[in-house]
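Colleague:
2 protein chains.
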Amino acid sequence: MENKYLEELGKNAVAASRILSKMGTNPKNEGLKTVAEYLVKYQAEILEANRKDIDKAKENGMKESLVDRLTLTEDRIKGMAVGLEKLVALDDPIGEVVNMKKTPNDLKIGRKRVPLGVVGIIYEARPNVTADAFGLCFKTGNAVILKGGSDAIHSNTKIVEIIRKALEHTGAPVDAVALIESTDRETTKEFMTMREYVDVLIPRGSAGLIKATVENSKIPVIETGTGNCHVFVDESADIEMAAKIIENAKTQRIGVCNACESLVIHEKIIDKALPVIVDVLKKHNVEIRGDEKACSISGDIIPATEEDWGTEYLDYIISVKTVPDFDSAIQHINRYNTKHSESIITNNYNNSQRFLDEIDAAAVYVNASTRFTDGFEFGFGAEIGISTQKLHARGPMGLEALTTTKFIILGNGQIRN
Amino acid sequence: MENKYLEELGKNAVAASRILSKMGTNPKNEGLKTVAEYLVKYQAEILEANRKDIDKAKENGMKESLVDRLTLTEDRIKGMAVGLEKLVALDDPIGEVVNMKKTPNDLKIGRKRVPLGVVGIIYEARPNVTADAFGLCFKTGNAVILKGGSDAIHSNTKIVEIIRKALEHTGAPVDAVALIESTDRETTKEFMTMREYVDVLIPRGSAGLIKATVENSKIPVIETGTGNCHVFVDESADIEMAAKIIENAKTQRIGVCNACESLVIHEKIIDKALPVIVDVLKKHNVEIRGDEKACSISGDIIPATEEDWGTEYLDYIISVKTVPDFDSAIQHINRYNTKHSESIITNNYNNSQRFLDEIDAAAVYVNASTRFTDGFEFGFGAEIGISTQKLHARGPMGLEALTTTKFIILGNGQIRN
Numbered sequence: 004m005e006n007k008y009l010e011e012l013g014k015n016a017v018a019a020s021r022i023l024s025k026m027g028t029n030p031k032n033e034g035l036k037t038v039a040e041y042l043v044k045y046q047a048e049i050l051e052a053n054r055k056d057i058d059k060a061k062e063n064g065m066k067e068s069l070v071d072r073l074t075l076t077e078d079r080i081k082g083m084a085v086g087l088e089k090l091v092a093l094d095d096p097i098g099e100v101v102n103m104k105k106t107p108n109d110l111k112i113g114r115k116r117v118p119l120g121v122v123g124i125i126y127e128a129r130p131n132v133t134a135d136a137f138g139l140c141f142k143t144g145n146a147v148i149l150k151g152g153s154d155a156i157h158s159n160t161k162i163v164e165i166i167r168k169a170l171e172h173t174g175a176p177v178d179a180v181a182l183i184e185s186t187d188r189e190t191t192k193e194f195m196t197m198r199e200y201v202d203v204l205i206p207r208g209s210a211g212l213i214k215a216t217v218e219n220s221k222i223p224v225i226e227t228g229t230g231n232c233h234v235f236v237d238e239s240a241d242i243e244m245a246a247k248i249i250e251n252a253k254t255q256r257i258g259v260c261n262a263c264e265s266l267v268i269h270e271k272i273i274d275k276a277l278p279v280i281v282d283v284l285k286k287h288n289v290e291i292r293g294d295e296k297a298c299s300i301s302g303d304i305i306p307a308t309e310e311d312w313g314t315e316y317l318d319y320i321i322s323v324k325t326v327p328d329f330d331s332a333i334q335h336i337n338r339y340n341t342k343h344s345e346s347i348i349t350n351n352y353n354n355s356q357r358f359l360d361e362i363d364a365a366a367v368y369v370n371a372s373t374r375f376t377d378g379f380e381f382g383f384g385a386e387i388g389i390s391t392q393k394l395h396a397r398g399p400m401g402l403e404a405l406t407t408t409k410f411i412i413l414g415n416g417q418i419r420n
Numbered sequence: 004m005e006n007k008y009l010e011e012l013g014k015n016a017v018a019a020s021r022i023l024s025k026m027g028t029n030p031k032n033e034g035l036k037t038v039a040e041y042l043v044k045y046q047a048e049i050l051e052a053n054r055k056d057i058d059k060a061k062e063n064g065m066k067e068s069l070v071d072r073l074t075l076t077e078d079r080i081k082g083m084a085v086g087l088e089k090l091v092a093l094d095d096p097i098g099e100v101v102n103m104k105k106t107p108n109d110l111k112i113g114r115k116r117v118p119l120g121v122v123g124i125i126y127e128a129r130p131n132v133t134a135d136a137f138g139l140c141f142k143t144g145n146a147v148i149l150k151g152g153s154d155a156i157h158s159n160t161k162i163v164e165i166i167r168k169a170l171e172h173t174g175a176p177v178d179a180v181a182l183i184e185s186t187d188r189e190t191t192k193e194f195m196t197m198r199e200y201v202d203v204l205i206p207r208g209s210a211g212l213i214k215a216t217v218e219n220s221k222i223p224v225i226e227t228g229t230g231n232c233h234v235f236v237d238e239s240a241d242i243e244m245a246a247k248i249i250e251n252a253k254t255q256r257i258g259v260c261n262a263c264e265s266l267v268i269h270e271k272i273i274d275k276a277l278p279v280i281v282d283v284l285k286k287h288n289v290e291i292r293g294d295e296k297a298c299s300i301s302g303d304i305i306p307a308t309e310e311d312w313g314t315e316y317l318d319y320i321i322s323v324k325t326v327p328d329f330d331s332a333i334q335h336i337n338r339y340n341t342k343h344s345e346s347i348i349t350n351n352y353n354n355s356q357r358f359l360d361e362i363d364a365a366a367v368y369v370n371a372s373t374r375f376t377d378g379f380e381f382g383f384g385a386e387i388g389i390s391t392q393k394l395h396a397r398g399p400m401g402l403e404a405l406t407t408t409k410f411i412i413l414g415n416g417q418i419r420n
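From first to last, the protein sequence lines stand for chains A and B. Here the first sequence is numbered in my numbering, starting from 4 and rising by one per residue. Here the second sequence is numbered in my numbering, starting from 4 and rising by one per residue.
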C-alpha cells in the first residue's frame, strides 16, 4: 500500500484480531466492563474534546439538529457505558458448533462460529457510535477500524484513546480498536481498498455515504439502507386496526428507516377506510399526497406526483396509492420499495401468505406496524445496523452478523478415494 | 445504463426471478427434468456448435489440455443431463421457515428462506458449467445471467438456446437463463456494474478472473478461490497416518484447489517422520522443496525459496517447512495459506483444539486429508463452488448458498410503544 499510516493500522488490527479470536468470553466481558467504567471516569476529558467539535460546528454554521447529534453530555456518556454493560449480559456467539454430522466414512463435519476478523466502520456525526461499534466488535472477537466524520474528530479521538487505555489496563490488545485520524476523502477511498487487512466494511449514515461506500469499496460491504416502507390495506382489512397501525408506523417516530412512507389501499375498501385513516393522520398534521382516486375521497389529500412513490420523506408526509387488486399492490410495492419493511393489513389467509412470499424485503409483516424492524425489538439485544442487502445478513443485524463460520472436520486417518 | 443490450437482459432476468421465486418445487423439478431431456435430444446441435469452438481453438493453437476441457462428447452431454436430474432429488431449500419465535408482545417472528433473485456467473472454458450453473440457480428459484469465455461461445449459446426451449415447453419463464453473447472486456466490465439487476456475482475460474471480478465488481461477489493448503505433522502424530494422508492430499488428484501444497513438520518428529513421508511421495515422483533442516534429513529434498511458501503448485511438487513448536506452525500457516483447507496430524488433544480454533481457513481438519473439501463429500449433493471469503458463504457452497432469508412477522394489530 502507498499509505503507510493505513497499512500500519491494518497490520496492527490483524494482529489484534488473532488475539481477540482466541479470547474467552470472561476476559472479553471484563474488557467491556472496564471500558464502560473508563468512559465515565474520564468523562471530563471526553466532554472537553467534544466541546472543541461543537465550537467548530457552530463556527461553521452547522444546523441546530446536527449540532445536537454531535453533542455529548454526562447522560449521553453514561448511555454509552450502559450500552457496553448490556453487551456483557448477551451470549457470546463465538465458538458455538452447529450441524455436527457424521459422513458415511465417519468424518465428523460441523460448522464453528468464529469472528470475521477485522471490521471497518465508516460513519458520520454521532460520536456515540464510536463506543457502540467497538463494543459489538469486541464482544464478537473482531478488531475494528473506525472512520468517523470530520465534525466529530476530537470526540472520537478521545473516546478511542480512553477505550485503548482501558483495554491496556485489562491486558486486552489495544489495537482491538483504532480510529483513522485523517478524515479527508483520499484516505477514506484508500481505506476502502484495504482488502488484505479488512474483512468487511459497514457504512452507517446517510444514503450518500452508503452509496459512496458501495461504489468505491473493494472490501465486501454490508449495506445498511434507507426505508421506503409501505402499509397495504387489503380489501378485507380491519379498518380500525389499519388506522392504528398506519398512525403508529407513520407518526410514532419520524426520521427513522422503518417508518411508513406510503399507504397502498385496495379500491374496494377505500370509501370506508380512507376517511378513518385520514382523520387519524390529520390529528398529527401529516401531509397526505394521493393519487386521483384518493384525492376524490378526501379534501384533505393533495395530488401526488410520480416522484412521491419513490420518496422516503422522513417527515410528517405520507403518499396514498389506490390499487384495483392484490396483484397490483404487490407490483407497486416491489417496484418502489427499498427492500426494508412492508406490511399488509388483511383478514384474507391466502393474501397474507402471498404477501409474505412475494414481497421482496428484509422484513415482511402481517397486521403489525413496520416500526418493529429493529435488533432490540427482534430480541437480538444489540444492533449494528439494518441490512437491506441480501448477502450475509438481511434485516436487523445483531452480534451474529459480525461472525462467520468455518467447517471443522474431525477424522481418524480418512483419505479420499 | 448505457448498454441497452445488458439493460434488457437485466430487466428480463428480474422479471423472470419474480416468477421463479413463486414457483413450487414440483414445477421446478419438472423444468430440470425437461431440460435434461432436451440436452440429450438436441445433442447433435450442441456437438455441431462445439465443433466450431474446437476448430477455432485449434486454429488459434490452444493447448491440448485446454482443448480437452472445451470439448463436448455424447458422454459429457449425458453427464450434464445426469447432473440436472440429481438436483431433482435434492430438497428444495426455498420456503423453509426457521427460528419462528414469539416476542413478549405476541408477534411471531421467523426467517423464511427465499431466492437471492438474479445470480451472475462469470466463467471460463468449460461449457458444461453452463447447464450446471443454470440447474443450481433454477432449483433455488433464481434467474441466472451467464458470461462464459469467448472460446466456448458457440457451445454456450447453443446450450442456453436449448435450455430456454425446454423451459418454454414446460411453461417456466425462458429468461430464467440468459447468456451474454458478447465476450469483450467492456461488456464484462459493464456487466459487473449492474447492481440494479444482479444480486450476486460468482466468478468461477482462474485466479486472474477472480481477482478481476473482485476488483471491478460493484455487485456483491462470492469469491471462490485458490488453495495453498497445508498438512501439519505435529510432534505426537501417528507417522503412518501422516504419510498416508499427505500422499492422498498431494497426489490423489493434482490441479485441484483442495490438494496439499505444503507440508509443515514439527522438528521433534522430523527425524523419524520425514524419511517415511519422502519415501511415499517419491513413489509418485513428487518434487520436494524443503528448508535447511528438511534438506539435512533427506538427499531427495531440494532447497526451497521464500516464494515456495506462498505457491499453489497444482503439480507434483510440495514444500516442506520445519517448525520448532506448535505456535510457529500456526503462524506459518496463517501467514501463507489462502484460507481454504488446512489439516493437522496429531494425537495431542489440546493441539487439535487449538488448531481448530486458531487456523483461519474455510475448512480445518484433524487427522484427515484436505481433499474432502467439496460440496459432494460434505453431503450437500451439489456444489456451486468453494468460497474462500468470510461473508455469506464460506467453504463448499451447496444450494443454500444461493438463497437468503427474509424476516416474516405475524401480528394481530401490534403497534410499537
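Think of the CB as a built atom: it goes at the ideal place given N, C-alpha and C, for glycine as much as any other residue. Because the structure is a prediction, the values reported are computed rather than measured.
1. Are the beta-carbon atoms of A/Ile291 and A/Val259 separated by less than 9 Å?
2. I need the straight-line Cα distance from B/Ile3 to A/Arg397, nearest angstrom please.
3. Am I right that A/Ala52 and A/Lys161 are in contact with their C-beta atoms under 8 Å? What's the rounded C-beta distance?
4. Using the beta-carbon count (16 or more within 10 Å), is B/Pro176 buried or exposed?
5. Using a Cβ-Cβ cutoff of 7 Å, what residues of the stretch 355 to 375 of chain B are near chain A? List them in chain order.
6. Give me the chain A residues within the contact set of B/Asn251, using Cβ-Cβ distance strictly less than 8 Å, ordered along the chain.
7. When you compare the stretch 13 to 26 of chain B with the stretch 102 to 121 of chain B, are there three or more beta-carbon pairs, one atom per stretch, that lie closer than 8 Å?
8. Should the stretch 151 to 158 of chain A be called in touch with the stretch 223 to 237 of chain A, which here means at least 3 C-beta pairs below 8 Å?
9. Residues of the stretch 210 to 239 of chain A with a CB closer than 8 Å to any CB of chain B: list them in chain order, please.
10. Are the CB atoms of B/Arg207 and B/Gly388 within a distance shorter than 9 Å?
11. Starting from A/Pro130, trace the alpha helix (DSSP H) both ways and give me its first and last residue.
12. Just the C-alpha distance for A/Asn108 and A/Gln417, rounded to the nearest angstrom, thanks.
13. Can you tell me whether A/Phe379 is buried or exposed, with buried defined as 16 or more other CB within 10 angstroms of its CB?
14. Leaving out five residues before and five after B/Ser100 in sequence, what residues of the same chain have Cβ atoms less than 6 Å from its Cβ?
15. Going by DSSP, what residue range makes up the beta strand (DSSP E) through A/Lys81?
16. Using a Cβ-Cβ distance under 9 Å, would B/Pro450 count as near chain A?
17. Just checking, does the stretch 80 to 92 of chain A make contact with the stretch 185 to 194 of chain A on the three C-beta pairs under 8 Å criterion?
18. Return the first residue and the last residue of the beta strand (DSSP E) that A/Ser209 is part of.
19. First and last residue of the alpha helix (DSSP H) that includes B/Asn53?
20. Is the beta carbon of A/His287 sitting closer than 9 Å to the one on A/Thr341?
21. Return the chain-ordered list of same chain residues with a C-beta closer than 6 Å to the C-beta of B/His157, the five sequence neighbours on each side being excluded.
22. Quick check: is the beta carbon of A/His395 nearer than 9 Å to any beta carbon in chain B?
23. Using a Cβ cut-off of 9 Å (strictly closer), state whether A/Met400 contacts chain B.
24. Mind reading off the beta-carbon distance from A/Cys263 to A/Thr373? Whole number of angstroms is fine, and I expect it under 8 Å.
25. Anything in chain A within Cβ reach of B/Phe194, meaning under 7 Å, just list it in chain order.
26. For B/Asp237 and B/Thr349, which I take to be in contact (beta-carbon distance under 8 Å), what is that distance rounded to the nearest angstrom?
27. Which stretch, first to last residue, makes up the alpha helix (DSSP H) that contains A/Ala16?
28. Just checking: is the beta-carbon of A/Phe141 within a distance shorter than 9 Å of some beta-carbon in chain B?
29. Counting only Cβ pairs nearer than 7 Å, list the residues of chain A close to B/Leu413.
30. Note down, in chain order, each residue of its chain lying with its Cβ closer than 6 Å to the Cβ of B/Leu359, except the 5 sequence neighbours on either side.
31. Going straight from the alpha carbon of B/Thr391 to that of A/Ile213, what length do you get?
32. Return the Cβ separation of B/Gly34 and B/Thr173 in integer angstroms, given the expectation that the two are a contact with Cβ distance under 8 Å.
33. Measuring alpha carbon to alpha carbon, tell me which residue in B/Thr216, B/Ala181, B/Asp363, B/Glu386 is nearest A/Ile411.
34. Does any residue of chain A bring its CB to less than 9 Å from the CB of B/Asp2?
35. I'd like to know whether the C-beta of A/Arg198 is nearer than 9 Å to at least one C-beta of chain B.
36. Under 7 Å Cβ-Cβ, which residues of chain B neighbour A/Asp202?
Modeller: Put simply:
1. By one-based count along the first sequence, residue 291 of chain A stands at place 288. By one-based count along the first sequence, residue 259 of chain A stands at place 256. No, they are not a contact pair.
2. In the structure as shown, chain B begins at 4 and stops at 420. Residue 3 of chain B is therefore absent and cannot be evaluated.
3. Translated into positions along the first sequence, residue 52 of chain A becomes position 49. Translated into positions along the first sequence, residue 161 of chain A becomes position 158. With 8 Å as the limit, A/Ala52 and A/Lys161 qualify as a contact, their Cβ atoms being about 4 Å apart.
4. Counting from 1 along the second sequence, the entry for residue 176 of chain B is found at position 173. Around the beta-carbon of B/Pro176, 16 or more other beta-carbon atoms lie within 10 Å, marking it buried.
5. Per Cβ criterion, the list reads Leu359, Asp360, Glu361, Ala364, Ala365, Ala366, Val367, Tyr368, Val369, Asn370, Ala371, Ser372, Arg374, Phe375.
6. For this step, residue 251 of chain B is matched to residue 248 along the second sequence. What B/Asn251 touches in chain A: Ile418, Arg419.
7. The stretch 13 to 26 of chain B is in contact with the stretch 102 to 121 of chain B.
8. The stretch 151 to 158 of chain A makes no contact with the stretch 223 to 237 of chain A: fewer than 3 CB pairs, one atom from each, lie closer than 8 Å.
9. Answer in chain order: Val217, Glu218, Lys221, Pro223, Val224, Ile225.
10. For the purposes of this step, residue 388 of chain B is identified with residue 385 of the second sequence, where counting begins at 1. For the purposes of this step, residue 207 of chain B is identified with residue 204 of the second sequence, where counting begins at 1. Taking C-beta atoms as the reference points, B/Gly388 and B/Arg207 count as a pair closer than 9 Å.
11. Within the first sequence, numbered from 1, the residue matching residue 130 of chain A stands at position 127. Per DSSP, A/Pro130 belongs to no alpha helix (DSSP H) and is neither H nor E.
12. Translated into the one-based positions of the first sequence, residue 108 of chain A becomes position 105. Translated into the one-based positions of the first sequence, residue 417 of chain A becomes position 414. A/Asn108 and A/Gln417 have their C-alpha atoms spaced approximately 8 Å apart.
13. Position 376 of the first sequence, counted from the start, is the residue given in the question as residue 379 of chain A. When all chains shown are included, A/Phe379 counts as exposed.
14. For the purposes of this step, residue 100 of chain B is identified with residue 97 of the second sequence, where counting begins at 1. The sequence as given places Val at residue 100 of chain B; Ser does not occur at that position. Only Gly113, Lys115 meet the Cβ criterion.
15. As a position in the first sequence, residue 81 of chain A is number 78, starting the count at 1. Note, A/Lys81: premise wrong, no beta strand (DSSP E); alpha helix (DSSP H) at 77 to 92.
16. Outside the displayed range of chain B (4 to 420) lies residue 450 of chain B, so it cannot be described from this structure.
17. The stretch 80 to 92 of chain A, when compared against the stretch 185 to 194 of chain A, does not touch it at the 8 Å Cβ threshold.
18. Walking along the first sequence from the start, residue 209 of chain A turns up at place 206. Annotation for A/Ser209: no beta strand (DSSP E) segment contains it, and DSSP assigns it neither H nor E.
19. As a working mapping, residue 53 of chain B is identified with position 50 in the second sequence. Segment 46 to 62, the alpha helix (DSSP H) holding B/Asn53.
20. Position 284 of the first sequence, counting from 1, holds the residue named residue 287 of chain A. Position 338 of the first sequence, counting from 1, holds the residue named residue 341 of chain A. A/His287 places its beta carbon 9 Å or farther from that of A/Thr341.
21. As a working mapping, residue 157 of chain B is identified with position 154 in the second sequence. Closer than 6 Å at the Cβ level, and outside the excluded window around B/His157, lie Ala52, Lys55, Asp56.
22. Numbered from its first residue, the first sequence carries residue 395 of chain A at position 392. Judged by the 9 Å Cβ criterion, A/His395 is in contact with chain B.
23. In the first sequence, residue 400 of chain A corresponds to position 397, counting from 1. Chain B, which has no Cβ nearer than 9 Å to the Cβ of A/Met400, makes this no.
24. Numbered from 1 along the first sequence, position 260 holds the residue referred to as residue 263 of chain A. Numbered from 1 along the first sequence, position 370 holds the residue referred to as residue 373 of chain A. At roughly 6 Å, the Cβ-Cβ gap stays under 8 Å, so A/Cys263 and A/Thr373 are in contact.
25. Along the second sequence, read from residue 1 onward, the residue named residue 194 of chain B stands at position 191. Against B/Phe194, chain A offers no close residue; the least beta-carbon distance is about 16 Å (beta-carbon pairs closer than 7 Å).
26. Along the second sequence, read from residue 1 onward, the residue named residue 237 of chain B stands at position 234. Along the second sequence, read from residue 1 onward, the residue named residue 349 of chain B stands at position 346. Contact flag correct, Cβ pair sits at about 4 Å.
27. Stepping through the first sequence from its first residue, residue 16 of chain A is reached at position 13. Residues 7 to 25.
28. As a first step, residue 141 of chain A must be located in the first sequence, where it is residue number 138. So, not an interface residue.
29. Walking along the second sequence from the start, residue 413 of chain B turns up at place 410. Result: Val369.
30. Translated into the one-based positions of the second sequence, residue 359 of chain B becomes position 356. Correct list, in chain order: Val367.
31. Against the second sequence, residue 391 of chain B aligns to sequence position 388. Against the first sequence, residue 213 of chain A aligns to sequence position 210. Their backbone Cα atoms lie some 25 Å apart in a straight line.
32. Here the question's residue 34 of chain B lines up with position 31 in the second sequence. Here the question's residue 173 of chain B lines up with position 170 in the second sequence. About 5 Å separates the two Cβ atoms, so the contact holds.
33. Here residue 411 of chain A refers to the residue found at position 408 of the first sequence. Closest by alpha carbon: B/Asp363.
34. With chain B running from 4 to 420 in the structure shown, residue 2 of chain B is simply not present.
35. Along the first sequence, read from residue 1 onward, the residue named residue 198 of chain A stands at position 195. Chain B contact via Cβ: present.
36. Taking the first sequence and counting its residues from 1, the one referred to as residue 202 of chain A is at position 199. What A/Asp202 touches in chain B: Lys393.
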